Each structure stands twice: as structure tokens, then as C-alpha cells.
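Here's the structure we're looking at; comments come further down.
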Amino acid sequence: MNTFKKLSAPRSLGSTLLSIVIIVFIAYILDDVIVPFLFAALLSFLLVPITQYLENHRIPRVIAILISIVLIIAIIGGVMYAAYTQVIKLQDLFPQIEKRFNEWISALASLLSNFDIDKQQLIAEGQKHISDAVKSGSQFLGATIGGTSNFLMSIALLPLYIFLMLMYRDFLKTFVFKWLKDTSKHKIVTTINKVKSVVRGYITGLVLVILIIGTLNSTALYFIGIDHALFFGFFAAFLAIIPYIGVALGSALPILVALITQDSYLAAVMVAASFAVIQFLEGNFITPYVVGNQVSINALIAITALLLFGKLWGIGGMILALPMTAILKVIFDANPRTEAWGFLLGDAENEDVKHVTKYFRFKEFFETVKKRI
5 MNTFKKLSAP RSLGSTLLSI VIIVFIAYIL DDVIVPFLFA ALLSFLLVPI
55 TQYLENHRIP RVIAILISIV LIIAIIGGVM YAAYTQVIKL QDLFPQIEKR
105 FNEWISALAS LLSNFDIDKQ QLIAEGQKHI SDAVKSGSQF LGATIGGTSN
155 FLMSIALLPL YIFLMLMYRD FLKTFVFKWL KDTSKHKIVT TINKVKSVVR
205 GYITGLVLVI LIIGTLNSTA LYFIGIDHAL FFGFFAAFLA IIPYIGVALG
255 SALPILVALI TQDSYLAAVM VAASFAVIQF LEGNFITPYV VGNQVSINAL
305 IAITALLLFG KLWGIGGMIL ALPMTAILKV IFDANPRTEA WGFLLGDAEN
355 EDVKHVTKYF RFKEFFETVK KRI
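What follows is the structure in C-alpha cells.
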């Protein structure tokens, strides 16, 4: 008996690893199909309460679903259009970038004039490289816009997926019951409800985080005197969907703009200091108690999932990394065989932060705002 267990354990591990490799390979090959499907699933969880509310008021399910989809498309479309128009306006900064870099090259040439260096040649070479860089920047901006458009085209099936998921949600639930017929219905329903809670809590909390961080960023940039303060502020806030490093990445662009468009380096230092303070608030107070314990993933797992999903599915994978990992944690926690893995994904409570936030009643404030939203 013991010999059989010793022999079956490696086989079981090998089968598991082989299954994971096959699943990852299929997910990589079929990314154009799977990524929109997962986005649709997340949005469907978010739209179920709206659809149910309309259905409870005697609106046919088809009409209720269409109203919900139109609503979410209008919101996302409005945000994307506003962002697109702001990105187009950023091309006006390229002449300023070229002018400022030419000034820096001239200053460097004057500094090096005491050395055996041809000043005119240095300026000419520097200007040539700056012109090439500006041209490359314009091409990169166009490629970025094109890449975003391609990404949006790849999820053009979202409305259809969402419609079908909402239309057949009862049918899909029955399928889960039949598939897991050896598991009690109560446990299945509890797990499904937890997944719904995680998705809704994450998305609504994330939207609230973006609004708060975007407002703080934009206000700081406005008073410092940075052009396009609203765009840069909310661009950095939108990157909050990338855990732990998103706000830091978003601060690099306004700091660069401050260096280019302002006469003093003090503006760039003020931008860096403002974003550092805001990032501290975001990481220690705002995100933990706006998103709450719905997505309690530890930092190591979050960053690893971010890198893996990003490598697998690009931008879409980076956006999906945290909610999908949180859903996996809920599923792992529900099964005794995988409960240890759910524990590994989870995050231990930081008692110091918990004590401070409790003292200032941040949690109660954010919970009240989320309920009103």
C-alpha cells in the first residue's frame, strides 16, 4: 500500500504539471478569444444586480440586459474618448521637448568648452539625435494609439459575450451544479457568491481609488503649474490597476513634462514629492480600505501574477492579473485539497496600519462611500 502511494505521488505531480503546461499553452495561443471572454465574465458579475433590478420591475430579461450593456458601453466609451483626445494633444509637447533638449546640449557644450572638444560638432550631433528621438517619439505615440485601438478591436466581442452570459446565467449555474454534483449546492452557491463579491468589490473599489487618486494627482499638478494636469493626474491614477508600482510608473511622465516645460527644476521636485506622498496614501490607506479585504492578495503573489499574466496576455493580462488571482484564491479556499494554496495567495494583516486606519476611521468612511456608489 505504501509502495503504491510512493509510486502514485510522482505520477500525480507529473500529471498536474503537464496539465498546467497544456492550459498555459492553450491560453497563450487563444488569447484573442480568452481575454475578451474573461473581461466579459468580470463585467457580467458587475452588471447582474442592474439586470436583476430591471427584471424585478417587470422589464423583460432581453431588454434589461441590453440596457445594462448600453450603460456600461457608454461609460467606458466616454472615458476612452476623453483619454484619446488628451493623448492627441500631447503631440504639442514634442516641439517643446526638442527646444529644451537643444538648450541642455548648448549648456553642456559650453561646460565642455574648456576641453579639447569641437563645440559646434557636439551641438550638431546632439541636435541630430534629438530630432531623431522626437520623430521616434511621435511614431511611438502613434503606435501606442494604434496598439490601443487594436486592443479595443480584440475585445469588440465583449457586448455579445456579456449578453449571452447574462441571458444564460441560470443555465450556467445549473451546469456548475451538475459538474460538481458530488459537492453540496450550499457550498457551490456560497463560493459563487464569494466570487461575485470579490469581483464587484474589486471593480467598484478600483473605480473609487482611481477617482480619489486622480483628483489628488490633478490637484497637485494644477497648483504646481503643469500643463494637462487633469490628463497626467488620471493617467497615473489609472495605472493603479497595476499593484504597488502603477502610481510610481505614472509619476514618471509628469516629472519629465515638468523638467521640459518649466524653467526651474523645483517644479519637477515638487511633482515627485507630491506623487510620493500620494503613493504612500494610496498604498497604505486608500487602496487597502477602499478595495478592502475583497482582494487580500500578498505583495509577492500580486507582483508575480502581474508579471506572469502580462507575459501571457500583455496589457489585458496585467489588468486581469489581480482579480483573476483573487478568484483563484476563493476557489482554492473552498476546496480542502487546495486550501493551503489559498492560504499562500492570501495576505497577512498589517497590525500597525490596521491600528492607524482604525484610529482615523478611514475604513468606516470608505465603506459608506462605496455603499452610496
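Heads up: take any position in the sequence shown, counting from 1, add 4, and you land on this note's numbering. Where is the CB? At the ideal position from N, CA and C, for every residue including glycine. Owing to the predicted nature of the structure, the values given are computational and were not obtained by experimental measurement.
A252 versus F236 - alpha carbon distance: 13 Å
Burial state of P340, where buried means 16 or more other Cβ atoms lie within 10 Å: exposed
Span separating the alpha-carbon of Y85 from that of V334: 35 Å
Pick from Y269, H61 and I217 that is closest to A280, judged by C-alpha positions: I217
Nearest candidate by alpha-carbon position, reference K315, set Y32, I282 and T291: Y32
Beta-carbon proximity check, Y165 vs A78, cutoff 7 Å: no
Three-way DSSP call (helix, strand, coil) for G350 in this model: strand
G320 and V66 closer than 7 Å at C-beta: no
Contact with chain D by H190, beta-carbon distance below 7 Å: The structure shown contains no chain D; it is built from a single protein chain.
Inter-stretch contact at 8 Å, needing at least 3 Cβ pairs: the stretch 218-238 / the stretch 256-264: yes
Alpha-carbon to alpha-carbon, D351 and N221: 28 Å
From L46, G82 and L170, residue whose alpha carbon lies closest to that of P64: L170
Within 7 Å, strictly: CB atoms of L51 and S72: yes
Continuous alpha helix (DSSP H) assignments of at least 4 residues falling wholly in the stretch 232-263: 233-242
Secondary structure of I33, DSSP reduced to three states: helix
Bridge-paired residues (DSSP) for I301: G350
Outcome for I378 when other beta-carbon atoms lying within 10 angstroms are tallied against a minimum of 16: Nothing about residue 378 can be reported from this structure: the residues present for the chain run from 5 to 377 only.
Of the residues L349, F179 and F181, the one placed nearest M328, counting alpha carbons only: L349
Residue environment, L21, which counts as buried when at least 16 other CB atoms sit within 10 Å: exposed
Cutoff 7 Å; reference I192; Cβ partners in own chain excluding five residues on either side: V180, F181 and L184
Which of helix, strand or coil DSSP assigns to R62: coil
Residues near D337 in its chain [Cβ-Cβ closer than 7 Å; skip 5 each side]: E343 and G346
Start and end residues, alpha helix (DSSP H) containing A271: L270 to L285
Backbone secondary structure at D356 - three-state DSSP: Any reading at D356 needs caution, since the residue's pLDDT is 44, under 50, leaving its predicted position unreliable; the model's value is listed next. Helix at D356.
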